[in-house]
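Enquirer: What follows is a structure written as structure tokens; I'll ask about it next.
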Amino acid sequence: MIQTERLILRALEPADVPALYRWENDPENWLVSHTTKPFSRRSLEQFVLNITDIYTDKQLRLMISRKDDGTTIGAVDLFDCDFTHLRAGVGILIGEKEGRGNGFGKEALNGLAIYARDVLFLQQLYADVMANNVAARKLFDAAGYEGTGLRKNWIRTPEGWQDLILMTKKLHGEEE
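Quick note on the working numbering: the sequence shown kicks off at 212 and runs consecutively.
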């Protein structure tokens with residue numbers, strides 16, 4: 212369990228399946244999560260039950276819960292964990308809309324970065340953010356990520372092609 216001032220980042224439990232089912236099947240979230248199809252409740256149950264560890268799965272998904280009332284408001288994850296080059300991708304979703312705009316996303320990203328640095332000894336985190344997703348860009352900027360690359364016309368949307376910005380966060384100083 213990872214604790215920040217207002218949040219707890221914790222492992223997935225079978226009781227989280229209903230929230231995951233709601234969030235993963237909300238078409239508003241599909242574009243940013245690169246999802247193209249609905250998930251069955253059964254597939255999500257199997258996902259939760261078959262998690263082994265970050266070194267085997269090369270990913271770690273944590274639920275974001277509020278300390279004050281225990282409400283689960285979202286999820287944050289490390290994926291494509293590369294323990295040779297000491298980096299991982301980061302994804303975040305504040306799935307409960309009332310949890311958005313309160314600084315919870317930044318707090319969760321910062322808590323995850325401390326864990327990635329101090330426990331996993333990673334050197335760098337990265338996120339792919341759609342250029343037109345102003346809220347996500349502001350979130351990752353606020354959490355100390357910087358734009359380091361651009362993939363032109365990378366994502367096809369109903370509105371047309373969108374650019375993807377690679378945002379990275381260095382977890383250790385240059386001497387590492």
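Ideal placement from N, C-alpha and C gives every residue a C-beta, glycine not left out.
Just so you know, these numbers come straight off a predicted model, no measurement behind them.
#1: Given that a residue counts as buried once 16 or more other Cβ atoms are within 10 Å of its Cβ, and exposed if not, what is T247?
#2: For L271, count the other beta carbons within 10 Å of its own beta carbon; 16 or more makes it buried, fewer makes it exposed. Which is it?
#3: Which same chain residues, not among the five before or five after E318, have their C-beta less than 7 Å away from its C-beta?
#4: Once DSSP output is grouped into helix, strand and coil, what is the label at Q335?
#5: Given that a residue counts as buried once 16 or more other Cβ atoms are within 10 Å of its Cβ, and exposed if not, what is F315?
#6: Taking only the alpha-carbon atoms, compute the straight-line gap between D374 and A327 and give it to the nearest angstrom.
#7: Which runs of the alpha helix (DSSP H), 4 residues or longer, sit entirely within the segment 253–318?
#8: I think I262 touches L220, with their Cβ atoms under 8 Å apart; what is that distance to the nearest whole Å?
#9: Leaving out five residues on either side along the sequence, give the residues of the same chain with a beta carbon under 6 Å from the beta carbon of M378.
#10: Suppose the cutoff is 6 Å on Cβ atoms and the five residues either side in sequence are ignored; what does the same chain contact list for N343 look like?
#11: How is V330 classed by DSSP in three states: helix, strand or coil?
#12: Report the rounded CA-to-CA distance for T283 versus M274, giving the unit in angstroms.
Expert: Let me lay it out:
#1: exposed
#2: buried
#3: T215, E216, R217 and L218
#4: strand
#5: buried
#6: The straight-line gap from Cα to Cα measures roughly 28 Å.
#7: 265–268
#8: About 15 Å separates the two Cβ atoms, so there is no contact after all.
#9: A338, V340, F351, Y356 and G358
#10: Q373
#11: coil
#12: 7 Å
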